[in-house]
Amino acid sequence: MSTSTEQPADLTAATTLLRFATAGSVDDGKSTLVGRLLHDSKSVLADQLEAVEHASRSRGQEAPDLALLTDGLRAEREQGITIDVAYRYFATPRRRFILADTPGHVQYTRNMVTGASTAELAVVLVDARNGVVEQTRRHAAVAALLRVPHVVLAVNKMDLVDYAEPVFASIAEEFTTYAKELGVPEITTIPISALAGDNVVEPSANMDWYGGPTVLEHLETVPVSHDLTACHARFPVQYVIRPQTAEHPDYRGYAGQIAAGAFRVGEEVTVLPSGKTSTITAIDALGEAVDIAWAPQSVTIRLADDIDISRGDLLAPTGDAPATSQDVEATVCHVADRPLAVGQRVLLKHTTRTVKAIVKDIPSRLTLDDLSQHPAPGQLVANDIGRVVVRTAEPLALDAYADSRRTGSFLLIDPADGTTLAAGMAGESFATAKAVAAAEDEEGWDF
């Protein structure tokens, strides 16, 4: 471990991992696209391909059904749909990938929220025969709410519309207009046929009018500007280390994972929510003392003063500490089968801190097909997205979700049985005009 006081210059350049999610309406071909990506990029093991070929033959299909590479649940294979989020890991010589194949049905919108919550890119599929439908708009809106920096519109099944350029152009224009209204900073449109392999990994010979990248080429080259070290420094305390041994009689360290930014020895920090300040005297990483540590490293920080600090407290630079509040206004996606109602008592989990809370108000529910707000719905049911006001029993140090996806997000939990009720994003819902302009200057939202 280096003890240099400066961050390595190639830290960002060495980050070659892209997290992306696929979404689309039912039967738009998401799983087939994923299977084609895995197959044509040589990321499928021989025994996996053999199993898919065997399953396809048993269903009377001559060619292997590549969708079976991701639809792993028996119910998915029997119905020919995706139900759960299927994660796949693969790599090319240029980049490593973590892929989340999310369901298309309306009742599984919450699963898309799960898959896209950590994604840096979302691939939204559209059937060229159907064009932009309600689920297309829904998935674009969810991607915008979750501040996914890059969105790809893959117009699939172009082979079924004779590879007609006007069909693609019309769909691309409609989707791009809608996505820009949502504040999505970057939109790329690609005509494909996942079944035939056109423009997925290899360029299509049937669409010489298209001069853009293939899906894989775009995935390999899209700039991943997400740099946690450039964000507001935040360190949620996970555990207090007090050995009280003969070798370390006075050791007091605060262990956890740096959520964002960097911390240096000698830096003054504020402990939240108490507001007390101290100075970092040492940082231990992997058993060695270092002068600097940055996200997402797991470290132990020691301070100059003995302050009452416990799990759930947050360390932040004194000059850049977030405000604390007991009133949380946020957008939530309701993920539980039971409803979320005004007056309901819940637990709010933010980073390593869990506090008691009550739902004071549900001002509106979002209608994703036209982005209208349904006022005062009284409750949210499964897959609903709406605005909530929550009052917590103790102060919380939340950032706006637009500033930090990690310290601006939270969960609402049922205190009776621990069921997750809703996933929340603090602050404004969609990007403002100012935020969009800034995003365009920086080629994406910076989290």
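Numbering of the sequence shown is given in my numbering, commencing with residue 5 and proceeding in unit increments.
All C-beta atoms in this analysis are idealised placements derived from N, C-alpha and C, irrespective of residue type, glycine included.
In the assembly as shown, glycine 119 is a buried residue. Its beta-carbon has 16 or more other beta-carbons within 10 Å.
Distance from the CA atom of isoleucine 175 to the CA atom of glycine 428, rounded to whole angstroms, is 32 Å. Between the alpha carbons of histidine 43 and isoleucine 196 lies a gap of roughly 16 Å. Going by beta carbons, alanine 132 and valine 171 fall inside the 9 Å limit. Proline 170: member of the alpha helix (DSSP H) spanning 169 to 186, first to last residue. For alanine 145, the secondary structure class from DSSP, reduced to helix, strand or coil, is helix. The beta carbons of lysine 353 and aspartate 331 sit no closer together than 9 Å. Taking the Cα of alanine 168 as reference, the smallest distance to any Cα among Trp213, Arg315, Val244, Val294 is reached at Trp213. DSSP, reduced to helix, strand and coil, places alanine 120 within a helical segment of the structure shown.
Put simply, the backbone Cα of arginine 100 is about 13 Å away from that of glutamate 221. Here DSSP, grouped into helix, strand and coil, assigns arginine 391 to strand. Of the candidates Arg409, Thr20, Gly33, Trp298, the residue whose Cα lies closest to the Cα of alanine 148 is Arg409. Contact check for threonine 424 against valine 339 passes: the beta carbons are separated by less than 9 Å. In the structure shown, aspartate 44 adopts helical secondary structure according to DSSP, grouped into three states. When secondary structure is reduced to three states using DSSP, aspartate 105 falls in the strand class.
Under the three-state reduction of DSSP output, arginine 99 falls in the strand class. Counting the other CB atoms within 10 Å of its CB gives histidine 252 a total below 16, which places it among the exposed residues. In this structure, the beta-carbon distance from alanine 200 to glycine 39 does not fall below 9 Å. Inclusion of threonine 304 and glycine 257 in the CB contact set at 9 Å is warranted, their separation being smaller than that value.
Residues Arg114, Val117, Ile389, Ala426, Ala427 of the same chain have their beta carbon placed closer than 7 Å to that of cysteine 337, with the five preceding and five following residues left out of the count. Here leucine 21 is exposed. Its C-beta has fewer than 16 other C-beta atoms within 10 Å. A contact is defined here as three or more CB-CB pairs under 8 Å, and the segment 270 to 286 meets this definition with respect to the segment 305 to 323. For leucine 164, there is no enclosing alpha helix (DSSP H), as DSSP marks it with neither H nor E.
In the assembly as shown, proline 189 is a buried residue. Its beta-carbon has 16 or more other beta-carbons within 10 Å. A straight-line Cα-Cα distance of about 7 Å links arginine 342 and valine 385. Annotation: the continuous alpha helix (DSSP H) that includes valine 219 extends over 219 to 225. As computed with DSSP, cysteine 337 is found in a beta bridge with Ile389, Ala427. Residue Ala404 holds the alpha-carbon nearest to the alpha-carbon of alanine 430 among Ala404, Gly422, Ile417, Asp418. Using a Cβ distance threshold of 9 Å, lysine 34 and threonine 96 do not count as a contacting pair. With at least 16 other beta carbons inside 10 angstroms of its own, aspartate 202 counts as buried. In this structure, the straight-line span from the alpha carbon of phenylalanine 24 to that of isoleucine 366 is close to 31 Å. DSSP places aspartate 288 inside the beta strand (DSSP E), whose first and last residues are 280 to 289. Under DSSP, the beta-bridge partners assigned to aspartate 131 are Asn160.
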